[in-house]
Amino acid sequence: GAVVSQHPSWVICKSGTSVKIECRSLDFQATTMFWYRQFPKQSLMLMATSNEGSKATYEQGVEKDKFLINHASLTLSTLTVTSAHPEDSSFYICSARHLGRSDYGYTFGSGTRLTVV
Amino acid sequence: RKEVEQDPGPFNVPEGATVAFNCTYSNSASQSFFWYRQDCRKEPKLLMSVYSSGNEDGRFTAQLNRASQYISLLIRDSKLSDSATYLCVVNRVGNEKLTFGTGTRLTIIP
Chain Z
3 GAVVSQHPSW
13 VICKSGTSVK
23 IECRSLDFQA
33 TTMFWYRQFP
43 KQSLMLMATS
53 NEGSKATYEQ
63 GVEKDKFLIN
73 HASLTLSTLT
83 VTSAHPEDSS
93 FYICSARHLG
103 RSDYGYTFGS
113 GTRLTVV
Chain X
66 RKEVEQDPGP
76 FNVPEGATVA
86 FNCTYSNSAS
96 QSFFWYRQDC
106 RKEPKLLMSV
116 YSSGNEDGRF
126 TAQLNRASQY
136 ISLLIRDSKL
146 SDSATYLCVV
156 NRVGNEKLTF
166 GTGTRLTIIP
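So the sequences go chain by chain: Z and X.
Heads up: the first sequence begins at 3 in our numbering, then just goes up one per residue.
Heads up: the second sequence begins at 66 in our numbering, then just goes up one per residue.
So this is what it looks like as structure tokens:
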């Protein structure tokens, strides 16, 4: 139980285009979804916290107009990287909290490796 | 100073050996502590939570020292499948956000 499905697992796009990443909670309702970015050999850095039915909360230094987050339902949150540039190439991972789990409840998606060429 | 600091390694350890990692955290308001494991190009997966009294799960033992603000992970009788990056993760009181360390890379050598 407590599965978060993330798609696509990898994507290559041209500079200037937009890419949408989806995270779905398959067997539970995720009122809050967290979006992380991880550069090679670095830690996961929280980008934003997405709340169902309201605006996302972005971490300092993360451009909200560039990384658009939509959490329109209790099972789906999306991150759109707009006008992507090579420096946006990274590993993007979502995470949702499942309060029914005994291990404090965070489940991660399998990640999306974005390469902007 | 980073909120969660770990020795990045790499640690290259022979199979069957015991290996220990430490992690320090700077925010005394940190409340919950975890060790996650991340394989190359994969998402992190929870290895174990860390409790104040210390806890053990099979070959893995986690310890917490609140006074010194550090957390440790001990792996006994290491297996080839233990090769991964181990992430120290903390969470503050009243805050759902997790803060990740950079990770310690472990390679078990046959």
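For each residue, glycine too, the CB sits at the ideal point set by N, CA and C.
Just so you know, these numbers come straight off a predicted model, no measurement behind them.
Relative to the alpha-carbon of Z/Ser-11, which residue among X/Leu-129, X/Gln-96 and X/Glu-108 has its alpha-carbon at the smallest distance?
For this step, residue 11 of chain Z is matched to residue 9 along the first sequence. Out of X/Leu-129, X/Gln-96 and X/Glu-108, the CA that lies nearest to the CA of Z/Ser-11 is found in X/Glu-108.
In the DSSP assignment, find the unbroken beta strand (DSSP E) run with Z/Trp-74 in it and report its ends.
Taking the first sequence and counting its residues from 1, one reaches residue 74 of chain Z at position 72. First, the residue type needs correcting, since residue 74 of chain Z is Ala and not Trp in the sequence shown. First-last of the beta strand (DSSP E) with Z/Ala-74: 69–75.
Would you mind stating whether X/Tyr-101 and X/Leu-152 have Cβ atoms separated by less than 8 Å?
Numbered from its first residue, the second sequence carries residue 101 of chain X at position 36. Numbered from its first residue, the second sequence carries residue 152 of chain X at position 87. A contact, by the Cβ cut-off of 8 Å.
Whose C-beta lies closer than 6 Å to the C-beta of X/Thr-150 among residues of the same chain, with five residues either side of it excluded?
Looking up residue 150 of chain X in the second sequence gives position 85. For X/Thr-150, where only same-chain residues beyond five positions count, the Cβ hits under 6 Å are Gln-103, Gly-168 and Arg-170.
Under 8 Å, Cβ to Cβ, is there at least one residue of chain X near Z/Ile-14?
The sequence position of residue 14 of chain Z within the first sequence is 12, counting from 1. Z/Ile-14 does not count as touching chain X.
Give the C-beta separation of Z/Cys-92 and Z/Gln-40 to the nearest angstrom, bearing in mind that I take them to be a contact with Cβ-Cβ under 8 Å.
Position 90 of the first sequence, counting from 1, holds the residue named residue 92 of chain Z. Position 38 of the first sequence, counting from 1, holds the residue named residue 40 of chain Z. According to the sequence as given, residue 92 of chain Z is Ser; it is not Cys. Yes, they are in contact, since the Cβ atoms of Z/Ser-92 and Z/Gln-40 sit about 6 Å apart, within 8 Å.
Rounded straight-line distance, which links the Cα of Z/Glu-54 to that of X/Phe-165
Counted from its first residue, the second sequence places residue 165 of chain X at position 100. Counted from its first residue, the first sequence places residue 54 of chain Z at position 52. Taken atom to atom, the span from the alpha-carbon of X/Phe-165 to that of Z/Glu-54 is near 24 Å.
For X/Glu-68 and X/Asn-92, the rounded distance between their alpha carbons:
As a working mapping, residue 92 of chain X is identified with position 27 in the second sequence. As a working mapping, residue 68 of chain X is identified with position 3 in the second sequence. If I take the Cα positions, the gap works out to 7 Å.
Given that X/Pro-75 touches chain Z, what residues does it touch there, using C-beta distances under 8 Å?
Within the second sequence, numbered from 1, the residue matching residue 75 of chain X stands at position 10. Chain Z residues near X/Pro-75: none, gap ~11 Å exceeds 8 Å.
For X/Thr-89 and X/Asn-77, what's the separation of their Cα atoms in angstroms?
Translated into positions along the second sequence, residue 89 of chain X becomes position 24. Translated into positions along the second sequence, residue 77 of chain X becomes position 12. Distance between the alpha carbons of X/Thr-89 and X/Asn-77: 21 Å.
Assuming Z/Thr-109 and Z/Val-5 are in contact, meaning their beta carbons sit under 8 Å apart, how far apart are those beta carbons, in whole angstroms?
Here residue 109 of chain Z refers to the residue found at position 107 of the first sequence. Here residue 5 of chain Z refers to the residue found at position 3 of the first sequence. Confirmed, about 7 Å.
Coarse secondary structure for X/Ser-146, derived from DSSP in three states:
Position 81 of the second sequence, counting from 1, holds the residue named residue 146 of chain X. Here X/Ser-146 carries a helix assignment [DSSP, helix/strand/coil].
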